[in-house]
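Here's the structure we're looking at; comments come further down.
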Amino acid sequence: MTPQSDRIGTRLLIISDTHGEVFPTEHAPTMPVDVAIHCGDLTEESKLEEYAVTLKLLQGIQAPLKLAIAGNHDFSLDTNAFQRILQSSALGPQDDEAVVSTYGKYGQAEAMFAASGITLLSEGIHSFVLHNGAKLMVYASPYTPSKSAGWGYQYIPRPVTYATSDASSTSPHTRVYPDDGHLWAIPDNIDIAITHSPPHGLLDRTQDAIRGGAHGLFAAVERARPRLHCFGHIHEGWGAKLVAWRSSASDNNLPSTIAGHQGATLEGQNPPSHLTHIDNSASTLIESLQTLKPGKFDPDEVKEEKKVRLERLRAEAKCEARCEDKKTLFVNASIQGDGEALQLPWIVHIDLPRAE
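If you read the sequence shown in our numbering, its first letter stands for residue 120, the second for the next number, and so on.
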């Protein structure tokens, strides 16, 4: 671990799932930050005009570095999905004048980001030297599990009934693991994981009370244990949780992790789980929709407390959280809420190593 004296305090603004909408003036983030991050679903229908709105939103944020990933709604950034959707729909061929006018040619939406000074991250590992002198290492992935994989950057998950390995290594710090249908190559030396999908079991519960996160993503994050993992996709999962991990699977007689085995297939073993690999007694739910919205059975005084806190946060146009050593801060930064409601962006404080 880098000594505290060699670390630089860094402020991040994190949003996700804006779906081609802008912040109302009274809720627009105004605090200067070192890095702005958008975790995907930049658009609703992947139209050029929606990308233009999102780029304008990002350009309005005071940050010298602005990072974005795609989400499942941003299918025109996924050439394979774009081709498939054009072929299977009534939109017409890619060179059709109406299609080009609405969605652009292959690569056109991506070029808009480069022209606007916004870094659109492909899946993989990225390194940056920040304006404040810190070094930032991130892992990015736009992929989400889906029953049909009909949108962009989606895969159909396989049932996870055992831990497997045969782990290959693409660098001294990176291992790739087969999982529930996608390969999550998250190294153990990154600072931040930026994904569109939540990990299974963390801020991923849908309005139908179903966990919508990716099993394999949880396994990969549990192994890498970055300081911060930010995502979106499940709008109802908005919130932040500071997670303390169990020290190790072997120390706690836990199910074996995918990451913990190289060359052994453990039939019958369960994959890593938020129920077994997180020390919930030492973890903290910082905020969620449940902590801010009045519940059906809340006493009147609790409803009033929630109302006052929500009004204060809306006046500040943000929620804040801080990363801690030996823990992972999970942030679901979905901005789009129920109906026309907007959920708050997150300001996250993290100490990063000084660039050499």
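Using N, Cα and C, we set each Cβ at its ideal position, and we do this for glycine too.
Out of A147, A253, F449 and S407, the CA that lies nearest to the CA of V467 is found in F449.
Between D193 and L161, the beta carbon gap of about 5 Å places them in contact (Cβ cut-off 8 Å). When the five nearest sequence neighbours on each side are left out, the beta carbons in the same chain lying within less than 6 Å of the beta carbon of G128 are those of D470, in order along the chain.
Contact between L174 and S235 holds, since their C-beta atoms are separated by about 5 Å, short of 8 Å. Nearest to C349 by alpha-carbon distance, out of E145, R203 and W465, is W465. Looking at the DSSP output, C438 sits in a beta bridge with W465. Below 8 Å, too few C-beta pairs join the region 412 to 422 and the region 330 to 342 to call them touching: fewer than three.
Using a Cβ-Cβ distance cut-off of 8 Å, the region 314 to 321 and the region 258 to 270 are in contact, since at least three pairs of beta carbons, one from each stretch, lie closer than that value. Going by C-alpha positions, E168 is about 17 Å away from F201. The Cβ-Cβ distance between A155 and I180 falls below 7 Å. At least 7 Å separates the beta-carbon of I329 from that of G300. Looking at the DSSP output, F350 shares a beta bridge with N451.
The beta carbon of G358 sits closer than 6 Å to the beta carbons of L322, E406, S407 and N451 from its chain, once the five residues preceding and following it are set aside; these are given in chain order. Per DSSP, M150 lies in no alpha helix (DSSP H) segment and is marked neither H nor E. Contact annotation: W303 and L336 have beta-carbon atoms nearer than 7 Å. In this structure, T137 keeps its C-beta atom at 7 Å or more from the C-beta atom of I353.
Taking C-beta atoms as the reference points, Y272 and N191 count as a pair closer than 7 Å.
Annotated as distal: S207 and A228, with beta-carbon spacing of 7 Å or more. Using a 10 angstroms sphere on the CB of Y170, the tally of other CB atoms reaches 16 or more, which defines it as buried. Annotated as distal: V152 and L176, with beta-carbon spacing of 7 Å or more. Annotation: G226 to L239 spans about 12 Å, alpha carbon to alpha carbon. From the listed residues V362, R428, E423 and C438, the smallest Cα separation to S402 is found for V362. Annotated three-state conformation of A253 is strand, per DSSP. For S208, there is no enclosing beta strand (DSSP E), as DSSP marks it with neither H nor E.
Annotation: the continuous alpha helix (DSSP H) that includes H334 extends over H334 to A343.
Counting along the chain, K266 sits inside no beta strand (DSSP E), nor does DSSP assign it H or E at all. Of A268, H157 and T149, the smallest CA-CA separation from S135 is found for H157.
Residue burial is scored here from C-beta neighbours: G332 has at least 16 other C-beta atoms within 10 angstroms and is therefore classed as buried. Around the beta-carbon of H334, 16 or more other beta-carbon atoms lie within 10 Å, marking it buried.
In this structure D398 touches R365 by the C-beta definition: roughly 5 Å separates them, less than 8 Å. Under the three-state reduction of DSSP, G356 is assigned to helix. Judged by DSSP in its simplified three-state form, A228 adopts helix. At a Cβ-Cβ threshold of 7 Å, A440 and P148 do not count as neighbours. In this structure, DSSP gives R126 an extended state, which the three-state scheme calls strand. Here the alpha carbons of G351 and T325 stand approximately 12 Å from one another.
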